[in-house]
Amino acid sequence: MSETEDNNEAFLSEEADGTTESSAGRRRRPTTERSSNDVPKPKKAKKKQAHRAEVWQHYIEKEDLVGVARCRYCCQQIGCDTKLHGTSSMKSHLLRCKFFKAHQDLGTQKVLAGDMRGAITTVPYDKALFRRSVNELLVLCELPFAFVESEGFRRFCANMLPLYTVHCRRTATEDVFKIYMVITAHWIDRGWDLQKRIIWFKPVTDHKGDTIADHLRACLEEWGIKKVFTITVDNAKGNDKAIRLFTDACRSMGPNALVRDGSLIHMRCCAHILNLIVRDGLAKVNESIVAIRNEIRYVRSSGDRLKSFKLRVETGKCGRGSLSLDCVTRWNSTYLMLTNALKFRVAFEKLLAEDKLYNDYFQESEEENGESGPEGAKKRVGPPTSKGWDDVQRLVKFLKIFFNCTLAFSATKTVTSTICYHEIVLFERSLTICYRF
1 MSETEDNNEA
11 FLSEEADGTT
21 ESSAGRRRRP
31 TTERSSNDVP
41 KPKKAKKKQA
51 HRAEVWQHYI
61 EKEDLVGVAR
71 CRYCCQQIGC
81 DTKLHGTSSM
91 KSHLLRCKFF
101 KAHQDLGTQK
111 VLAGDMRGAI
121 TTVPYDKALF
131 RRSVNELLVL
141 CELPFAFVES
151 EGFRRFCANM
161 LPLYTVHCRR
171 TATEDVFKIY
181 MVITAHWIDR
191 GWDLQKRIIW
201 FKPVTDHKGD
211 TIADHLRACL
221 EEWGIKKVFT
231 ITVDNAKGND
241 KAIRLFTDAC
251 RSMGPNALVR
261 DGSLIHMRCC
271 AHILNLIVRD
281 GLAKVNESIV
291 AIRNEIRYVR
301 SSGDRLKSFK
311 LRVETGKCGR
321 GSLSLDCVTR
331 WNSTYLMLTN
341 ALKFRVAFEK
351 LLAEDKLYND
361 YFQESEEENG
371 ESGPEGAKKR
381 VGPPTSKGWD
391 DVQRLVKFLK
401 IFFNCTLAFS
411 ATKTVTSTIC
421 YHEIVLFERS
431 LTICYRF
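The UniProt record's numbering applies: residue 1 is where the sequence shown begins, and numbers increase by one.
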């Protein structure tokens with residue numbers, strides 16, 4: 001490997017009952033019950049009924065425009081008022097929608113496959129099924145997530161199933177984390193030392209409260225655990241229901257199964273609460289963050305662009321450092337990305353003033369939220385303005401406080417429950433000082 005390639009690798013290190021209408025457009029008469037004295041009861045509140053026609057699965061009803069729906073495939077707006085149009089206009093549109101026909105062709109396309117006996121047959125192409133199969137391969141064979149990005153595996157998939165585009169290692173990591181449930185037990189041994197062991201690692205079909213509670217009960221039965229002090233979970237509605245069901249199950253085990261009849265069993269994760277606070281704050285300057293993310297993505301997209309950027313780094317005397325892209329689901333990686341990008345603000349401003357390709361990159365359009373069609377195409381966000389850089393620079397000062405507090409809450413080899421109050425007081429004091437200056 002050449003010296004230039006070594007420098008590039010080092011530089012690019014990675015760190016949400018009145019009158020109603022039926023779907024056929026007929027009006028239903030209000031039904032009111034009368035008592036024996038013929039005294040009418042108050043009318044119930046109107047309740048919007050779900051559409052029953054099958055054609056509605058291909059449309060999204062617009063909330064801001066009454067009687068208008070948007071096609072899921074080409075984003076064209078179609079009249080859907082049940083009195084004026086009915087569903088005939090929507091059905092007619094599907095017959096001439098090119099994007100819908102392409103979607104049908106993809107869903108009905110078949111590929112060759114072999115069964116356990118070696119017989120060859122044709123099966124419908126299922127992108128989601130193949131993606132799950134790749135994730136199962138990683139888990140069953142204990143392969144690293146980076147395996148899906150290896151040249152050999154991508155070449156194998158290109159030859160065996162050209163229709164499928166292999167997902168990246170970050171997508172594989174998120175998929176595996178979602179389908180597995182991990183239970184970690186913490187206890188103090190006879191020597192007053194904190195112990196921690198993973199005692200449950202099983203796949204789950206969904207994240208509903210009933211499912212989580214069933215797994216918790218099964219784990220206790222398997223290990224013969226008769227007493228539970230607290231359970232720490234993320235701040236989610238499904239977890240709240242799971243803890244209620246689990247607490248009821250523990251009460252049936254005996255009076256000594258819970259401390260203070262379970263009043264202390266539900267512990268919210270402090271790190272997760274901080275995460276929710278930070279996410280709300282990041283939304284205020286989201287456009288500036290996306291702009292910086294896009295320009296980092298531009299620099300990292302090719303070797304020539306990287307060389308052009310390094311030239312501006314040298315002439316701008318920005319010092320040493322690395323450019324890293326963040327994982328949008330982890331705000332701490334966003335903090336690290338912004339911290340590193342601020343070091344090269346001068347170099348990015350030089351690119352804006354001198355590089356035509358850099359400016360053309362931000363004039364291009366990109367699809368938003370996976371939507372296709374005219375409404376899905378949006379102009380790429382960026383480049384960041386001078387005010388955007390200043391906003392991010394102030395934001396990083398606040399994020400550093402959250403970052404250090406999260407590191408303290410996330411410690412694995414020390415007891416963290418005793419330091420929560422101290423960290424919260426220190427956290428509030430640091431925010432006050434930072435806000436003043």
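From the three backbone atoms N, C-alpha and C, an ideal C-beta is built for every residue, glycine too.
ALA347 and ARG330 have their C-alpha atoms spaced approximately 26 Å apart. Note on geometry: alpha-carbon atoms of ILE212 and ALA242 lie some 6 Å from one another.
If you ignore the 5 residues before and after ILE60, its C-beta comes within less than 7 Å of the C-beta of ALA69, ARG70 and ARG72, all in its own chain and listed in chain order.
The Cβ atoms of ASP175 and ARG132 sit closer than 9 Å to each other. For PHE201, the enclosing beta strand (DSSP E) stretches over residues 194 to 203. When DSSP states are grouped into helix, strand and coil, HIS93 belongs to the helix group. Rounded to whole angstroms, the separation of the alpha carbons of LEU311 and ILE273 is 42 Å. THR414 and GLY321 have their C-alpha atoms some 32 Å from each other. For ILE183, the enclosing beta strand (DSSP E) stretches over residues 180 to 188.
Taking a cut-off of 8 Å on C-beta distances, the region 396 to 407 touches the region 424 to 437, as three or more cross pairs fall below it.
Excluding its 5 nearest sequence neighbours in each direction, VAL233 has C-beta neighbours in its own chain below 8 Å: ASN239, ALA242, ILE243, HIS266, MET267, ARG268 and CYS269, listed in chain order. When the five nearest sequence neighbours on each side are left out, the beta carbons in the same chain lying within less than 8 Å of the beta carbon of LEU342 are those of TRP389, VAL392, GLN393 and VAL396, in order along the chain.
Nearest Cα to VAL278 within the set LEU399, ARG300 and THR247: LEU399. In the three-state reduction of the DSSP assignment, HIS266 falls in the strand class. Taking a 10 Å sphere around the C-beta of CYS97, we find 16 or more other C-beta atoms and assign the residue as buried.
In this structure, ILE292 is the residue among ILE231, ILE292, LEU264 and ASP360 with its C-alpha nearest to the C-alpha of THR339.
Scanning PHE409, LEU352 and ILE401 for the CA closest to the CA of PRO384 turns up LEU352.
Assigned with DSSP and collapsed to three states, VAL66 falls in coil, not helix or strand. Per DSSP, the continuous beta strand (DSSP E) segment holding GLU61 begins and ends at 59 to 61. Here the alpha carbon of TYR361 sits roughly 34 Å from the alpha carbon of PHE177.
The Cβ atoms of PHE201 and ARG169 lie no closer than 9 Å to each other. In the structure shown, SER410 adopts coil according to DSSP, grouped into three states. Approximately 5 Å separates the beta-carbon atoms of HIS215 and MET181; this is inside 8 Å, confirming the contact.
Out of GLY303, ASN332 and LEU325, the CA that lies nearest to the CA of LEU282 is found in ASN332.
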